[in-house]
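Protein chains: 2
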Amino acid sequence: MTTTASAYDQLMRDFADGKRAALARAVSVVENHRAGFDRLLATWQPRLGRARRLGLTGPPGAGKSTLTALLVKAYRDAGLSVGVIAVDPTSPFTGGALLGDRIRMESVALDEGVFIRSMATRGSLGGLAATTSEVADVLDAFGMDRILIETVGVGQSELDISRIADSSAVVLVPESGDSIQTLKAGLMEIADLFVVNKADRPGADRLRNELELMLGLRAGSALRDVPAHHGVDLSRKNPARVAREAAKQTDAEHWTPPVLRTVATNAEGTPEVVAALDRHFHYLERSGELRRRRRRRLRDRVMHVVEDRVRDRLWRDAGTNAWLDDQLAALETGASNPFAVADALLARSGTLLTQVTP
Amino acid sequence: MTTTASAYDQLMRDFADGKRAALARAVSVVENHRAGFDRLLATWQPRLGRARRLGLTGPPGAGKSTLTALLVKAYRDAGLSVGVIAVDPTSPFTGGALLGDRIRMESVALDEGVFIRSMATRGSLGGLAATTSEVADVLDAFGMDRILIETVGVGQSELDISRIADSSAVVLVPESGDSIQTLKAGLMEIADLFVVNKADRPGADRLRNELELMLGLRAGSALRDVPAHHGVDLSRKNPARVAREAAKQTDAEHWTPPVLRTVATNAEGTPEVVAALDRHFHYLERSGELRRRRRRRLRDRVMHVVEDRVRDRLWRDAGTNAWLDDQLAALETGASNPFAVADALLARSGTLLTQVTP
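Quick mapping for you: the protein sequence lines, in order, are chains A and B.
Okay, so the first sequence: first residue is 1 according to my numbering, each after it adds one.
Okay, so the second sequence: first residue is 1 according to my numbering, each after it adds one.
Here it is, written out as structure tokens:
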């Protein structure tokens with residue numbers, strides 16, 4: 001659709017006019033890296049930064065989609081527009097569950113102020129994290145106030161939600177309890193808040209206690225830096241208590257992830273999640289952490305585009321491919337090896353790599 | 001350990017002498033890309049190609065590890081040495097299941113002719129597929145006769161078993177039936193054989209029928225090329241039957257994946273899987289497909305090393321990082337965009353990229 005200048009211009013105009021069909025087309029162009037996607041994103045760069053990007057992650061079956069739908073409703077009730085990106089990087093074996101989630105989403109999908117896109121696994125040349133960021137950019141440029149990014153799993157190399165979102169919520173259920181210990185490090189790194197969903201089930205309190213114990217350990221070291229005028233003697237309290245109080249008294253400099261309880265099927269606890277996300281965003285702004293996170297995101301984006309460009313320039317080049325084919329015989333016999341061939345390939349590719357994209 | 005020339009030489013000697021401690025150390029060096037890993041692999045390149053690399057993939061809970069253990073036992077009974085690489089690229093939420101698999105593996109792990117390595121998710125700079133191939137190279141160079149590579153999931157961008165193994169078996173259970181349809185394309189592309197495990201459970205026959213129906217569709221087109229002297233009129237039979245017969249009469253030019261039944265908990269069906277893997281390997285050799293697959297693997301390896309080298313050279317370079325930091329302000333305001341910065345970065349990185357690794 002971006003093959004002709006006029007189609008491209010029309011899309012830009014319709015997008016600027018807030019037409020939803022143009023948004024849907026722009027998202028598709030960017031998601032699939034169709035011709036012209038980089039020009040679209042480059043043009044919209046100055047418009048970015050108004051939306052709050054909120055990540056929800058957790059194991060399959062934690063109720064992330066139901067919670068997402070409730071958050072969408074809450075933001076809509078507050079007059080805010082919402083974009084949702086649902087990402088499932090896991091095996092196609094979970095296809096069934098995703099379909100269920102999609103159906104739950106339909107209740108909010110008819111609203112004009114809501115845009116929902118499910119993203120499938122991208123090919124290895126793409127990069128799921130980068131593409132998710134790019135689609136979020138499109139929603140941001142369109143003027144969405146909140147962007148909810150729902151992902152499966154925590155701490156995966158392929159998609160680290162905390163590098164994509166401004167705030168990240170980790171959603172767990174009582175059944176997740178057994179695996180908390182193994183997740184510890186990964187969870188602590190990415191969670192800005194925890195949601196214990198299905199909190200009416202047995203084991204919810206135990207899970208919450210475990211999480212708060214973990215957070216207490218972290219708060220223990222973070223609190224050493226709390227100025228004395230806070231006037232609270234935390235030293236004699238148990239770590240979970242310390243963590244809870246630290247979360248309440250979070251100031252510009254400190255944030256301890258709160259642990260919230262929800263029963264998403266009957267909307268219980270949703271206002272508290274919305275409030276916690278608001279609090280966290282204000283903390284991000286005041287502390288300078290928002291700028292740090294967004295700069296890191298921009299850095300990630302550049303690095304990804306560079307690597308993408310390198311792959312494009314090398315592996316779509318007929319000369320490079322023919323040269324590589326010629327090396328295979330020596331590799332087969334062991335007369336050469338992949339490392340020597342790689343070095344030689346790079347040595348001969350200077351002009352190709354350093355060209356400027358037209 | 002490879003920091004000194006003498007330690008490196010010692011490892012090489014011990015490895016050549018078949019010492020298992022040296023194998024374990026070499027695998028660790030390669031898996032973690034420690035200093036000198038590329039020299040090790042380059043040195044061993046001429047020794048590669050003797051092992052048969054066999055992939056087992058399928059959903060969590062399909063009993064892949066139990067089946068792997070049975071195959072190990074069968075190969076050991078035949079006097080063959082076996083290396084096992086168990087890869088779990090999925091979320092740490094499945095950590096518990098992996099642990100259970102490890103325990104099941106212990107029954108074979110004490111045997112001197114068996115080497116087992118579980119690989120965790122690699123960081124984003126590594127690349128799970130490439131690292132798995134490299135570890136398989138180490139096992140191959142050591143002289144293992146069979147290398148079993150066990151992975152979770154099918155058709156994932158991150159780890160396509162059919163590009164790593166010579167033969168790939170997809171292991172399913174009756175409970176997988178519902179998701180077969182969504183997997184269709186991915187399954188057909190990678191499976192050289194199907195194993196319906198836990199075949200004593202309800203639904204096993206239905207699953208097998210579904211798979212054979214799928215295969216029949218594929219066989220239908222493949223069989224148009226079967227020479228007339230095969231003397232079998234396939235045209236009037238049902239597709240599932242056609243597929244089964246085609247699998248039996250597979251010749252040098254054709255292969256239709258057989259669908260095998262196992263009950264891994266009591267070893268039922270294992271000899272048939274071993275036999276099918278042998279048949280498939282002979283087909284690969286006779287048809288020239290083995291050489292095609294292995295050339296593709298070598299090509300993949302070079303491409304991965306090239307991309308790894310590019311990342312190393314760019315992102316570990318202090319000058320490049322400082323330059324990139326200087327661009328962030330313009331990105332924040334929208335005065336520039338990630339695509340323009342990426343192009344400029346590549347334009348200034350020619351010498352860095354085309355150097356030869358010392």
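From the three backbone atoms N, C-alpha and C, an ideal C-beta is built for every residue, glycine too.
| task | Please report the residue range of the alpha helix (DSSP H) in which Met306/B lies. | result | Mapped onto the second sequence, residue 306/B falls at position 306. In the sequence on display, residue 306/B carries Val and not Met. Counting along the chain, the alpha helix (DSSP H) containing Val306/B begins and ends at 289-315.
| task | Could you confirm whether any beta carbon from chain A is found closer than 7 angstroms to the beta carbon of Leu11/B? | result | Here the question's residue 11/B lines up with position 11 in the second sequence. It does not; no Cβ of chain A falls within 7 angstroms.
| Going straight from the alpha carbon of Val302/B to that of Asn32/A, what length do you get? | Along the second sequence, read from residue 1 onward, the residue named residue 302/B stands at position 302. Along the first sequence, read from residue 1 onward, the residue named residue 32/A stands at position 32. Rounded to whole angstroms, Val302/B to Asn32/A spans 26 angstroms at the Cα level.
| Curious, which full-length alpha helix (DSSP H) runs of at least 4 residues does the segment 27-83 of chain B contain? | 37-44, 64-77
| query | What three-state label does DSSP hand Ala21/A in the structure shown? | reply | Position 21 of the first sequence, counting from 1, holds the residue named residue 21/A. Residue state, collapsed to three classes: helix.
| query | By how many angstroms is the C-alpha of Val87/A removed from the C-alpha of Val306/A? | reply | Along the first sequence, read from residue 1 onward, the residue named residue 306/A stands at position 306. Along the first sequence, read from residue 1 onward, the residue named residue 87/A stands at position 87. Distance between the alpha carbons of Val306/A and Val87/A is about 23 angstroms.
| Does the separation of the CB atoms of Val114/A and Val82/A fall below 7 angstroms? | Residue 114/A sits at position 114 when you count from the first residue of the first sequence. Residue 82/A sits at position 82 when you count from the first residue of the first sequence. Contact flag set, yes.
| task | Have a look at Val170/A, Thr270/A, Ala275/A, Ile190/A and flag the residue whose alpha-carbon is nearest the alpha-carbon of Gly61/A. | result | Numbered from 1 along the first sequence, position 61 holds the residue referred to as residue 61/A. The shortest Cα separation from Gly61/A among Val170/A, Thr270/A, Ala275/A, Ile190/A belongs to Val170/A.
| query | Can you tell me whether Gln45/A is buried or exposed, with buried defined as 16 or more other CB within 10 angstroms of its CB? | reply | Here the question's residue 45/A lines up with position 45 in the first sequence. Buried, by the Cβ-count rule.
| Where do the N-terminal and C-terminal ends of the beta strand (DSSP E) with Ala169/B fall, by residue? | Counting from 1 along the second sequence, the entry for residue 169/B is found at position 169. 167-172 is the span of the beta strand (DSSP E), which, as asked, contains Ala169/B.
| field | chain B contact for Gly350/A (CB, 7 angstroms cutoff) | value | Position 350 of the first sequence holds residue 350/A. Yes, its Cβ sits closer than 7 angstroms to a Cβ of chain B.
| Any idea which residues DSSP pairs Phe194/A with across the strands? | Locating residue 194/A in the first sequence gives position 194, counting from the first residue. Paired residues: Val170/A, Val259/A.
| task | Kindly indicate the opening and closing residues of the alpha helix (DSSP H) around Val356/B. | result | The residue labelled residue 356/B in the question sits at position 356 within the second sequence. Element bounds for Val356/B: n/a, residue is neither H nor E.
| With DSSP run on the structure shown, which of helix, strand or coil describes Ala344/B? | Stepping through the second sequence from its first residue, residue 344/B is reached at position 344. In this structure, Ala344/B counts as helix in the three-state DSSP scheme.
| Contact with chain B by Asp205/A, beta-carbon distance below 7 angstroms | Taking the first residue of the first sequence as 1, we reach residue 205/A at position 205. By this cut-off, Asp205/A is not an interface position.
| task | Can you grab the Cα-Cα spacing for the pair Asp300/A / Arg279/B, in whole Å? | result | Your numbering for residue 300/A matches position 300 in the first sequence. Your numbering for residue 279/B matches position 279 in the second sequence. Near 48 angstroms, if we compare the C-alpha coordinates of Arg279/B and Asp300/A.
| Which residues, in chain order, does the segment 45-73 of chain A contribute to contact with chain B at a C-beta distance below 9 angstroms? | Gln45, Pro46, Arg47, Leu48, Gly49, Gly58, Pro59, Pro60
| query | Between the segment 330-342 of chain B and chain A, which residues of the former have CB atoms less than 9 angstroms from a CB of the latter, in chain order? | reply | Leu331, Glu332, Thr333, Gly334, Ala335, Ser336, Asn337, Pro338, Phe339, Ala340, Val341, Ala342
| request: Have a look at Asp200/A, Asp17/A, Val195/A and flag the residue whose alpha-carbon is nearest the alpha-carbon of Leu211/A. | output: For the purposes of this step, residue 211/A is taken as residue 211 along the first sequence, with counting starting at 1. With distances taken between Cα atoms, Leu211/A lies closest to Val195/A.
| said: Quick check: is the beta carbon of Leu345/A nearer than 7 angstroms to any beta carbon in chain B? | reply: Numbered from 1 along the first sequence, position 345 holds the residue referred to as residue 345/A. Yes, Leu345/A lies at the interface with chain B (some Cβ there is under 7 angstroms from its Cβ).
| request: State yes or no: is the beta carbon of Thr320/B nearer than 7 angstroms to at least one beta carbon in chain A? | output: Here residue 320/B refers to the residue found at position 320 when the second sequence is read from its first residue. It does not: the Cβ of Thr320/B has no partner Cβ on chain A nearer than 7 angstroms.
| task | Would you mind giving the Cβ-Cβ distance between Ile164/A and Met119/A, rounded to the nearest angstrom? I have them listed as a contact below 8 angstroms. | result | As a first step, residue 164/A must be located in the first sequence, where it is residue number 164. As a first step, residue 119/A must be located in the first sequence, where it is residue number 119. Not really, about 12 angstroms apart at Cβ, beyond 8 angstroms.
| Going by the CB atoms, is the gap between Ala347/A and Thr354/B shorter than 7 angstroms? | In the second sequence, counting from the first residue as 1, residue 354/B sits at position 354. In the first sequence, counting from the first residue as 1, residue 347/A sits at position 347. Yes, the pair counts as a contact, with Cβ atoms nearer than the cut-off.
| For the putative contact between Val263/A and Asp200/A, defined by C-beta atoms under 8 angstroms, what is the C-beta separation to the nearest angstrom? | Here the question's residue 263/A lines up with position 263 in the first sequence. Here the question's residue 200/A lines up with position 200 in the first sequence. Confirmed, about 5 angstroms.
| message | Taking its Cβ as the centre, do 16 or more other Cβ atoms sit within 10 Å of Glu150/B, making it buried, or is it exposed? | response | The residue you call residue 150/B lines up with position 150 of the second sequence. That one is buried.
| field | 8 angstroms contact criterion, which Leu352/B and Arg313/B should meet: CB distance rounded | value | The residue you call residue 352/B lines up with position 352 of the second sequence. The residue you call residue 313/B lines up with position 313 of the second sequence. With 8 angstroms as the limit, Leu352/B and Arg313/B qualify as a contact, their Cβ atoms being about 5 angstroms apart.
| said: Please state the DSSP three-state secondary structure of Arg201/A. | reply: What you label residue 201/A is simply residue 201 of the first sequence in a count that begins at 1. Reduced to three states, the DSSP call for Arg201/A is coil.
| query | With 7 angstroms set as the bound, which would you pick, yes or no: does the beta-carbon of Ala42/A sit closer than that to a beta-carbon of chain B? | reply | For the purposes of this step, residue 42/A is identified with residue 42 of the first sequence, where counting begins at 1. By this cut-off, Ala42/A is an interface position.
| request: Please compile the residues from chain A whose C-beta is within a distance smaller than 7 angstroms of the C-beta of Trp315/B. | output: Locating residue 315/B in the second sequence gives position 315, where the first residue counts as 1. Those are Met303, listed as they occur along chain A.
| beta strand (DSSP E) segment containing Thr4/B, residue limits | For this step, residue 4/B is matched to residue 4 along the second sequence. Thr4/B -> no beta strand (DSSP E), and no H or E assigned at all.
| query | What do you reckon, are the CB atoms on Gly55/A and Ser168/A nearer than 7 angstroms? | reply | The count along the first sequence starts at 1 and reaches residue 55/A at position 55. The count along the first sequence starts at 1 and reaches residue 168/A at position 168. Yes; because the gap between Cβ atoms is below 7 angstroms, this pair is in contact.
| query | Is the shortest distance between the beta-carbon of Thr151/A and the beta-carbons of chain B less than 7 angstroms? | reply | Counting from 1 along the first sequence, the entry for residue 151/A is found at position 151. Closer than 7 angstroms: no.
| said: By the DSSP assignment, the alpha helix (DSSP H) with Thr333/A in it spans what residues? | reply: Within the first sequence, residue 333/A is the residue found at index 333, counting from 1. Segment 318-333, the alpha helix (DSSP H) holding Thr333/A.
| field | chain B residues whose Cβ lies nearer than 8 angstroms to that of Glu307/A | value | On the first sequence, position 307 is the one that residue 307/A refers to. Those are Glu307, Val310, Arg311, listed as they occur along chain B.
| request: Below 8 angstroms on the Cβ atoms is my guess for Ala136/A versus Ile147/A; work out the distance and round it to an integer in Å. | output: As a position in the first sequence, residue 136/A is number 136, starting the count at 1. As a position in the first sequence, residue 147/A is number 147, starting the count at 1. 5 angstroms between Cβ atoms; contact.
| request: Grab me the residues of Glu253/A's own chain with a C-beta within less than 7 angstroms of its C-beta, minus the 5 sequence neighbours each way, in chain order. | output: The residue given as residue 253/A occupies position 253 in the first sequence. So the qualifying residues of the chain are Ser287.
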